[in-house]
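Trainee: If you scroll down you'll find the structure; I have some questions about it.
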DNA sequence: AGACTTTTAAATGTCTGACAAATAAAATTT
DNA sequence: AAATTTTATTTGTCAGACATTTAAAAGTCT
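Residue numbers (our numbering), protein chains in the order written: chain A, 66 to 309; chain B, 66 to 309.
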């Protein structure tokens with residue numbers, strides 16, 4: 066293995082890319098041990114710190130894990146659904162927070178994807194998932210709940226809805242869409258009245274899934290989308306008035 | 066800024082987490098310059114290589130970019146849609162390739178999400194998007210096309226369909242779902258007959274979007290899903306027979 | 001012989017110090 | 001005033017060293 070020394074800098078990026086390619090292409094399989102840092106340094110003809118920087122890059126993407134000790138080293142990591150969820154959520158959250166994405170656009174995407182889960186959730190929802198959803202609705206009605214806690218419960222409700230579809234790949238793709246909305250939702254003040262409306266819509270969704278009515282669930286989700294966007298619009302207006 | 070020295074190891078991970086939190090929380094804003102590596106080393110009370118490893122972790126996630134020279138340093142990076150796409154695709158691809166995900170499950174998720182785009186695509190599709198889709202259909206009919214090239218064109222067709230929905234957040238979420246299927250699709254041998262069927266379904270989708278018929282597009286997508294799963298099942302069977 | 005303890009070797013984690021290369025600002029010269 | 005040179009700052013890279021962790025090997029005792 067060699068890297069291009071003509072490229073001006075960033076040897077560690079080149080080495081990371083070379084190892085990443087080996088993993089993606091299947092040349093390195095899960096749980097296989099990479100050569101030791103010293104060996105890699107020899108092979109790529111660079112110093113150990115440079116190799117280490119490359120390995121840290123891969124570790125940041127959960128592509129490898131390292132273990133100390135005699136039989137230690139860097140191992141190709143099986144990307145678990147959990148790790149993938151976490152990456153998905155941070156990437157999605159940052160994407161929304163760092164780019165001028167309108168609330169409506171993000172909301173449209175999120176609810177469109179959730180509606181896509183509805184038919185499967187209606188067909189396959191387990192008692193457990195329904196119980197989780199009901200529990201979150203109950204929590205949302207507790208007095209003294211902060212807006213942040215209300216939002217967190219809202220996210221938990223929707224995650225349960227997504228998981229009820231019984232497709233882990235779908236859950237993975239949706240995790241970012243649902244969780245990344247939380248910072249945006251946190252900008253909204255949820256009055257007792259608006260909480261009531263949302264809880265009623267949540268109940269409509271849970272009822273629809275319980276009775277296996279996909280259409281009703283999708284309709285309730287659409288109504289929830291409209292209402293959420295309306296709340297956000299009200300906040301914007303109030304802010305604009307406050308500034309003027 | 067300080068990190069917990071009681072934790073046994075992985076100082077670079079702790080430092081990376083601290084800086085990442087500062088970025089996510091908004092304490093560090095886009096294009097803001099981080100302290101120099103030497104300053105960070107002082108602040109966190111670690112050596113410069115350790116700081117560098119932390120920075121490489123963040124660079125791997127496109128959270129920062131570095132620049133050499135007098136006014137250089139590490140800067141908070143605006144996570145572009147393009148970067149987010151790329152991360153999404155690699156993560157999704159690895160997730161599918163490293164875990165025992167059935168073809169049907171991945172396919173179900175992908176087409177469910179694509180159907181979610183159909184109503185928006187039917188309403189908003191531009192002439193450009195339609196032209197892209199037609200061009201890919203034409204390419205798929207070219208004789209002498211390898212299976213890989215056919216798959217690549219298939220992905221391009223579906224990306225155009227997703228982009229036609231005119232919601233960049235939706236496109237971002239879908240990018241992984243569509244592209245990550247390509248390695249799985251590459252295991253299928255596309256005969257002239259099956260290519261014909263797929264192209265006909267693609268045409269049905271394009272026609273439906275052209276005439277703003279969301280329902281017809283969704284139906285065609287469902288048919289395409291069924292057919293794709295059937296093809297995959299045939300491959301499996303033929304393999305199983307070959308082994309016995 | 002078998003179980004327990006100690007030693008040892010290999011690997012990652014971290015530090016120090018140094019030099020190279022890039023880059024923009026400051027100083028100098030034309 | 002413009003062009004050139006110098007300089008300072010910062011990242012990129014290297015070399016060598018020591019600390020720490022870990023499991024296997026060696027040794028010891030019952």
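Even glycine gets a Cβ: it sits at the ideal position worked out from N, Cα and C.
Computed from a predicted model, the values in this text were never measured in an experiment.
1. In whole angstroms, what separates the C-alpha of residue 103 of chain A from that of residue 92 of chain A?
2. Can you tell which of A:267, A:126 and A:162 has the C-alpha that lies nearest to the C-alpha of residue 81 of chain B?
3. Our contact map puts residue 186 of chain A next to residue 274 of chain A with C-beta atoms below 8 Å; I'd like the distance itself, whole angstroms only.
4. Given this structure, state the Cα-to-Cα distance separating residue 110 of chain A from residue 85 of chain A, to the nearest angstrom.
5. Taking only runs that begin and end inside the segment 130-161 of chain B, name each unbroken beta strand (DSSP E) of 3 or more residues, in chain order.
6. Using a 10 Å radius around the Cβ and a threshold of 16 neighbouring Cβ atoms, would you call residue 94 of chain A buried or exposed?
7. Between A:249, A:150, A:278 and A:261, which has its C-alpha nearest residue 298 of chain A's C-alpha?
8. So, are the CB atoms of residue 152 of chain A and residue 152 of chain B less than 9 Å apart?
9. Just checking, does the segment 141-156 of chain A make contact with the segment 232-250 of chain A on the three C-beta pairs under 8 Å criterion?
10. What is the residue span of the alpha helix (DSSP H) that residue 324 of chain A lies within?
11. Grouping DSSP H, G and I as helix and E and B as strand, with all else coil, what is residue 190 of chain B?
12. Are the C-beta atoms of residue 128 of chain B and some chain A residue less than 9 Å apart?
13. Spell out a yes or no on whether the segment 257-273 of chain A and the segment 177-186 of chain B are touching, meaning 3 or more CB-CB pairs, one atom from each, closer than 8 Å.
14. Can you give me the C-alpha to C-alpha distance between residue 157 of chain A and residue 245 of chain A, rounded to a whole angstrom?
15. So if I threshold CB-CB distances at 9 Å, which residues from the segment 177-198 of chain B count as touching chain A?
16. For residue 290 of chain B, is the classification buried or exposed, using 16 other Cβ atoms within 10 angstroms of its Cβ as the cut-off for buried?
17. Should residue 193 of chain B go down as buried or exposed, given a rule of 16 or more other Cβ atoms within 10 Å for buried?
18. Our contact map puts residue 271 of chain B next to residue 199 of chain B with C-beta atoms below 8 Å; I'd like the distance itself, whole angstroms only.
19. Using alpha carbons as the reference points, say which of B:101, B:116 and B:112 lies closest to residue 136 of chain B.
20. Is the separation between the beta-carbon of residue 171 of chain B and that of residue 178 of chain B shorter than 9 Å?
21. Relative to chain B, which residues along the segment 273-290 of chain A have a C-beta separation below 8 Å, given in chain order?
Mentor: So, to answer that:
1. 21 Å
2. A:126
3. 5 Å
4. 18 Å
5. 138-141
6. exposed
7. A:249
8. yes
9. yes
10. This structure cannot speak to residue 324 of chain A, because chain A is shown only from 66 to 309.
11. coil
12. yes
13. no
14. 6 Å
15. 177, 178, 179, 180, 181, 182, 184 and 185
16. buried
17. exposed
18. 6 Å
19. B:101
20. no
21. none
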